[in-house]
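J.:
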Amino acid sequence: MAYPAAADIQFQIGEPTEGSVNSGIGQISGWAVSDETIVSVEALIDGVSLGLVPYGGTRKDVANAFPDIPNAEFSGWAMKWNYALLEEGEHLLTVIVTEEDGDEAVKEVLFQVTGFRSEFIPDPEDVQIGGATIEITPEGKIVIRDLLVEGELVDVELSWFKTAQQFLIDRIAYADEPAGNQSPEANAGADRVVGTGEPVSVSGSAFDADGSVIGWSWSQVSGPAVNLVNADTAVVEFMAPSDAGEVWLRLTVTDDQGASASDDVVITVESSEPETNSAPSVSAGADRTAQPGDNVTITGSGNDPDGSIVSWAWSQQSGPAAALSGADSAQVNFIAPSTTGDIWLRLTVTDNDGANAFDDVIVTVEPAPEPNQAPTANAGGDRVAQGGELVTISGGGSDPDGSITGWSWSRIAGLAVTLGGSNSQQVSFTAPNTDGTVTLRLTVTDNDGATDSDDVVVTVEAEPEPNQSP
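The numbering of the sequence shown is the numbering used here, which starts it at 27 and goes up by one.
(1) Hey, how far is the Cα of TRP103 from the Cα of GLU263?
(2) Please state whether the Cβ-Cβ distance between VAL482 and ALA405 is less than 7 Å.
(3) If we count the other Cβ atoms within 10 Å of its Cβ and call it buried at 16 or more, is ILE198 buried or exposed?
(4) Going by C-alpha distance, which of GLY447, ALA287 and VAL273 is nearest VAL279?
(5) On the criterion of 16 or more Cβ atoms from any shown chain inside 10 Å, does ASP289 qualify as buried, or is it exposed?
(6) Take the Cβ of THR323 as the centre, count every other Cβ of all protein chains shown within 10 Å, and call the residue buried at 16 or more, exposed below.
(7) Just verifying my parser: in three-state terms, what is the DSSP assignment at ALA205?
(8) Which residue comes first and which comes last in the alpha helix (DSSP H) that contains ASP320?
(9) Which two residues bound the contiguous beta strand (DSSP E) that contains VAL482?
(10) For ALA457, which residues in the same chain have their Cβ closer than 6 Å to its Cβ, ignoring the five residues on either side in sequence?
(11) Just checking my contact of ALA394 with ILE369 at CB under 8 Å: how many whole Å lie between their CB atoms?
(12) So within the region 389-469, which uninterrupted alpha helix (DSSP H) runs reach at least 4 residues, ignoring any that extend past its ends?
(13) Can you find a heavy atom of the ligand SAM that lies under 6 Å from the Cβ of GLU68?
(14) My output table needs one value for LEU112: the three-state DSSP class, helix, strand or coil.
(15) Can you tell me the Cα-Cα spacing of VAL88 and LEU136, whole angstroms?
(16) Which complete beta strand (DSSP E) runs does the region 345-373 hold, if anything under 3 residues is left out?
(17) My assumption, with CB atoms under 8 Å, is that GLY462 sits in contact with GLY446. Please give the rounded CB distance.
(18) Could you tell me the alpha carbon to alpha carbon distance between ASP480 and VAL443, rounded to whole angstroms?
(19) Give me the residue from LEU275, GLY249, PRO267 and ASP269 with the minimum Cα distance to ALA257.
(20) From what residue to what residue does the beta strand (DSSP E) around ASP133 run?
(21) Per DSSP, which residues does LYS106 bridge with? Please list them.
(22) Just reading off the alpha helix (DSSP H) that ALA89 is part of, what are its end residues?
(23) Count the C-beta pairs between the region 122-133 and the region 59-76 that are closer than 8 Å, then say yes if the count reaches three, no if not.
(24) So for GLU178, helix, strand or coil by DSSP?
(25) Of all the options ASN213, GLY241, THR222 and GLY223, which has the alpha carbon lying nearest to the alpha carbon of SER229?
(26) Below 8 Å on the Cβ atoms is my contact criterion, and I expect GLY241 with GLU272 to pass it. Report the Cβ-Cβ distance as a whole number of Å.
(27) Of the choices VAL182, VAL74 and ILE95, whose alpha-carbon is the least far from that of LEU570?
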């Protein structure tokens, strides 16, 4: 039974299930999710609180069912419980889930307890293991024989329960019970994977070494709720839910002496709808320029968020024809043609699911620049200077396809002189008072680094000696 829940609380009791029969040590477990923060999960049996149940266990099936609820993956709650503490018969489990704002949701299940003669084990001092023996059956059960408990000899059978991930008490046989009955063996079949909405049939089997199996009972332990059909037969059927997750079923068989055994099977429900493939992304790189004869290399890139790039394809869309090399790889190259214009290339990538994407890049082929023409230097006409005279020479220069960017004067022959402004258009020096010549050279440089030179000769005439009186 269930009470009205807070609007945003959803939860389920996984163990014990409605009408299940329990004994020994088991679990009280389930899951709870909410848009608000869940602060506590409390369990009560017959109105008596067992305390708060630890909350926050991993439940990937719940996360798959509620992908929009934060922390749904950590929505499990569970605690160990010794059902031997309860009287034999019917009991009521109440679970209360409380949110941070105080809202509550409540659910209840009725379950049965098969009681033992006393709490097992009430006091370790009442147990004597000196004469006990342990054996492991071919089915994987652990049997402790001749265990002395409170003065009585008992045989204890332990079975592995996948849901609890431990050995739990399957049967306790006292010495005064009818001898010879062996518990049956249950087999719920192998775990499997099915798709959402798929009809599922699970065939169980059982064996009783000293009698016959007379009762079959399938129950759901946990997972998305399913409607079990023919749950009292060896073959149970249900329709896989629309929510992905693990449907945990338990088969319990009973023999003609009332002994029982259980086995679990997990049916993993996966979405039968294929995930939508995300298209890849691609970049053909930045546009660029080239000149005829240039070796052009372009490196593209691609990425697929949910897979991998399996093919690359470069193609020319327009422009002067270019012979592409490596067109089926990320990097393509070609020799720029002699014809100028825009070469339009396209890179197309394809992912492992067949989706593709493309990007374009333009390579503009420009004419090769005209050869640079050298400048012309003019050092001026030759001249005559008198000794001691300040000589100033203004040079000239021109460039038919650019500009003069450098001037350099140097003395290459003749009388030694000191030049002023040798790195400018105009140079000067003081003529020595010696007959002779001075040869100067002007070198000009244009904006492309070409040079030209021109020479000028200055003839120096010494001043005559002053006339001395007789």
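Glycine included, every Cβ here is placed at the ideal spot set by N, Cα and C. Keep in mind that this is a model prediction, so the values were computed, not measured.
T.: Judging by the given coordinates:
(1) 28 Å
(2) yes
(3) buried
(4) ALA287
(5) buried
(6) exposed
(7) Any reading at ALA205 is ruled out, since the residue's pLDDT is 48, under 50, leaving its predicted position unreliable.
(8) Taken as a continuous stretch (DSSP letters only), ASP320 belongs to no alpha helix (DSSP H), as it is neither H nor E.
(9) 477-487
(10) ALA411, GLY413, GLU415, VAL417 and VAL486
(11) Wrong, their Cβ atoms sit about 16 Å apart, outside the cutoff.
(12) none
(13) The model depicted lacks the ligand SAM and carries no ligand whatsoever.
(14) coil
(15) 24 Å
(16) 357-361
(17) Going by Cβ atoms, the distance from GLY462 to GLY446 rounds to 20 Å, so no, they are not a contact pair.
(18) 18 Å
(19) LEU275
(20) Residue 133 is actually Lys in this sequence, not Asp. 130-139 is the span of the beta strand (DSSP E), which, as asked, contains LYS133.
(21) GLN53
(22) 86-91
(23) yes
(24) strand
(25) ASN213
(26) No, GLY241 and GLU272 are not in contact; Cβ-Cβ is about 26 Å, not under 8 Å.
(27) Past the edges of the chain, shown from 27 to 496, lies residue 570, and the structure says nothing about it.
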